[in-house]
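In the UniProt record's numbering, the protein residues as written are 1 to 276.
Below: the structure, in structure tokens.
Right, here's the structure in full:
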């Protein structure tokens, strides 16, 4: 597991592009028959991924967490961004098609990832947060998630938001998680941008072709920066940072948040004229 420490926003003003990428961009999460994870000191979020191919993969952080098992003091949200697979939680199997979500609560000891078809494997993406209360393990299929339509073609941000883990969906201790799909010929994921100083957020961009890129904007509203992100890469957004992007084509992204506050609408929008 790789470790990412917090950065002072005053220091970030002086970061080079390489420094920004080293601190905030997660370039390689999905490897065949390996478990890849990054531990962020922003709200103690852990982000990870795996592609079970020739073997099943067990969720295990080694001695990094200094706990007996991964979810001893944590909860986790998992989304399958590949073909059909299953996740076994303490002996009970949960099947996930592409874009289905599984929430696993505090105290579950053994989590194992499987692919149904080794020639077309599942690709599991997950985000984990600290938890102090147990909530039931639950699957929410994309077909059963309630869509929220936002934006318009004229604004180039016609998109659908699916909220998986939140106050009115799958219940959790503090983790919130969902997915945003942009329609063809739409490229902006949100504008005006916003911050939420009470929680941090992580984006995973996917369903992009090899040549496509997202220009992801970050930084304090008066000191914005950008990073170029390609398919299946994630980026950590500190509480003080905007998080918005525009792609060379449409794309899909998974968002996950945790922190002080469990209210999805707790965000402070920044007028475009105040961005620099």
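We put the beta carbon where it would ideally sit given N, CA and C, even for glycine.
Spatially closest choice to residue i from the options, by CA coordinates
i	options	result
residue 111	8, 134, 56, 252	56
residue 254	131, 49, 59, 14	49
residue 205	195, 228, 223	228
residue 139	171, 180, 106, 159	171
residue 224	1, 14, 2	14
residue 210	161, 249, 66	249
residue 269	262, 240, 261	240
residue 267	73, 238, 196, 222	196
residue 19	131, 31, 5, 64	5
residue 61	89, 38, 42	38
residue 163	3, 45, 264	264
residue 194	271, 40, 183	271
residue 53	67, 65, 71, 34	34
residue 91	9, 58, 68	58
residue 261	88, 166, 28	166
residue 105	237, 78, 150	78
residue 9	46, 222, 155, 68	222
residue 11	232, 230, 220	220
residue 84	116, 208, 132, 2	116
residue 120	273, 175, 65, 81	81
residue 64	7, 3, 16	3
residue 86	67, 125, 68	125
Cβ-based burial, residue i [other Cβ within 10 Å; buried from 16]
i	result
residue 316	Residue 316 is absent from the structure shown; the chain starts at 1 and stops at 276.
residue 152	exposed
residue 276	exposed
residue 146	exposed
residue 118	exposed
residue 75	buried
residue 234	buried
residue 136	exposed
residue 180	buried
residue 122	buried
residue 201	buried
residue 158	buried
residue 114	buried
residue 108	buried
residue 31	exposed
residue 199	buried
residue 46	buried
Local conformation of residue i per DSSP, three classes
i	result
residue 147	strand
residue 261	coil
residue 110	coil
residue 142	helix
residue 272	helix
residue 44	coil
residue 24	helix
residue 19	helix
Interface flag, residue i vs chain D, CB-CB below 7 Å
i	result
residue 220	Among the protein chains of the structure shown there is no chain D, as only one such chain exists.
How do the stretch 14-29 and the stretch 94-113 stand: do at least 3 beta-carbon pairs fall below 8 Å, yes or no? The count of Cβ pairs closer than 8 Å, one atom from the stretch 14-29 and one from the stretch 94-113, stays below three, leaving the stretches out of contact.
3-residue-minimum beta strand (DSSP E) runs that sit fully inside the stretch 192-233, ordered along the chain: 199-206, 214-220, 223-229
At 3 residues or longer, what runs of the beta strand (DSSP E) sit wholly inside the stretch 61-133? Runs of the beta strand (DSSP E) inside the stretch 61-133: 74-80, 85-89, 92-96, 101-104, 111-115, 124-130.
The stretch 211-219 / the stretch 254-266 touching (three or more Cβ pairs under 8 Å): no
Pairs of beta-carbons, one from the stretch 183-191 and one from the stretch 244-252, closer than 8 Å: are there three or more? yes
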